[in-house]
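S.K.: Residue numbers (the numbering used here): 40 to 129.
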Amino acid sequence: VRGPANAPVTIVEFADFECPFSKQAQEPLAKVLERYHSAVRLVYRHRIGANHGQAEKAAEALHCAADQNKGWEYPLFVGSRGGVFAGIAA
């Protein structure tokens, strides 16, 4: 969860780290959070696509990052590397 608990607007995002549509939504969501930071709360939920073989591992990795208070940094890390686990041996 990102944003104030008492925000008048809550956006619930259902996303998958391998989904191109989820990726397209990131920039507009970031702009909304930047512009309305005190009025919007973002809640992230996994929606793992059937054809996205690495998405479940990516979701698990997000939970591990969140356990270390790095949950919101993880998607930026994944994106900066060109996608889910790009260049990392399986």
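Beta carbons: idealized from backbone N, C-alpha and C, even for Gly.
Between the alpha carbons of G92 and L101, how many angstroms are there, rounded?
M.R.: Their backbone Cα atoms lie some 16 Å apart in a straight line.
S.K.: Okay, do the stretch 83-99 and the stretch 65-73 touch, 3+ Cβ pairs below 8 Å being the bar?
M.R.: Contact fails: fewer than three Cβ-Cβ distances are below 8 Å.
S.K.: Kindly give me the distance between the Cβ atoms of F53 and R86, rounded to whole angstroms, as I take these residues to be in contact under 8 Å.
M.R.: With 8 Å as the limit, F53 and R86 qualify as a contact, their Cβ atoms being about 4 Å apart.
S.K.: Is the Cβ of W111 closer than 8 Å to any Cβ of chain C?
M.R.: Among the chains in the structure shown there is no chain C, since it carries only a single protein chain.
S.K.: Name the DSSP beta bridge partners of R80, please?
M.R.: DSSP, once it has assigned bridges, lists T49 as partnering R80.
S.K.: Could you check if A128 is buried or exposed, using at least 16 other CB atoms within 10 Å of its CB as the buried criterion?
M.R.: Caution applies to A128, whose pLDDT of 40 falls short of 50 and renders its modelled position unreliable; the value that the coordinates give is listed next. Under this definition A128 is an exposed residue.
S.K.: Please report how far the alpha carbon of C58 lies from the alpha carbon of P47, in whole angstroms.
M.R.: Near 29 Å, if we compare the C-alpha coordinates of P47 and C58.
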